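Comments concern the structure below.
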Amino acid sequence: MYIPRSFAMEDRAEIDQFMKENSFGILFSQTEDGPRGTHLPFFLAEDEGEQGVLYGHMAKANPHWKETARDVLVVFSGPHHYISPTWYQQPNNVPTWNYVAVHAYGEIEIFEEPAALMELLERSVNFFEAGMPKPWKIEESQEYAERMLSGIVGFKIVLNKVEGKKKLNQNKPAQLQQHVIEALRSQEQEEAHRVAALMERNAADRTSEE
């Protein structure tokens, strides 16, 4: 991923948190038929391996798991929105796009053993249900879940490189950033409001570091 220095995410804890909050990513890998991508939920075990480990599963009917090369890329995307040059309220600006993204690289390991798959599903459920008012437990449908195991394969991706990018107008003066935030707030799309919130938080973080 091309990352100008002013847009680089250098705090690994921030990157890990982003992957957790935006855990529906795309698994990319090279196959004999060319590049292939699959949209999947992932959960991160940041305390495993040197760079962390991503876990997930996919349908056994999906040929991706049979064809993938060992080296893979997972892309996590966050809020994004078009930025009009008129929003800066100054001349000599051009259209752009504000966004946050993380690219995670690693080596994939596929597994099909029932015990390992059940452990994976339990960990996945616990991760994604953690924020629910009454978290669902896999034990509530244990027998059904066990019957479903034959239709999936699990995988772990041992990460060896992770990079993040925040393109939030931080290369512009504070006043121009504020103009963009106000313009985003005036939009009807929820995505615009999310980008505005990210810009405000990023600006506040940078101010506290100065």
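In full-length UniProt numbering, the protein residues as written are 1 to 210.
No residue lacks a Cβ here, since even glycine has one placed at the ideal position from N, Cα and C.
All values derive from a computational prediction rather than experimental measurement.
Item, Value
"Can residue 84 and residue 91 be called in contact, C-beta distance under 9 Å?", "no"
"Give me the Cβ distance between residue 175 and residue 203, rounded to the nearest whole Å; I'm assuming they're in contact under 8 Å.", "Not confirmed; about 11 Å, so no contact."
"Does the beta-carbon distance from residue 228 to residue 199 come in below 9 Å?", "The chain is shown only over 1 to 210; residue 228 falls outside these bounds and no answer can be derived."
"List in chain order: all unbroken alpha helix (DSSP H) runs of 4+ residues lying wholly within the stretch 100–165.", "114–128 and 142–148"
"Could you give the DSSP three-state label for residue 20: helix, strand or coil?", "helix"
"Starting from residue 174, follow the alpha helix (DSSP H) in both directions and report where the run begins and ends.", "174–185"
"Buried or exposed: residue 148, going by 16 or more other Cβ atoms within 10 Å of its Cβ?", "exposed"
"Could you tell me which residues DSSP puts in a beta bridge with residue 84?", "DSSP, once it has assigned bridges, lists no residue as partnering residue 84."
"Could you say which of 184, 45 and 28 lies nearest to residue 38 if we only look at CA atoms?", "28"
"If you draw a straight line from the C-alpha of residue 138 to the C-alpha of residue 115, how long is it?", "14 Å"
"Secondary structure at residue 198, three-state DSSP: helix, strand or coil?", "helix"
"Rounded to whole angstroms, how far is the Cβ of residue 183 from the Cβ of residue 97, which I believe are closer than 8 Å?", "Not a contact, Cβ separation roughly 14 Å."
"Could you please give me the residues that DSSP links to residue 55 through a beta bridge?", "43 and 156"
"Spell out the partners DSSP gives residue 65 in its beta bridges.", "None; residue 65 has no bridge partner."
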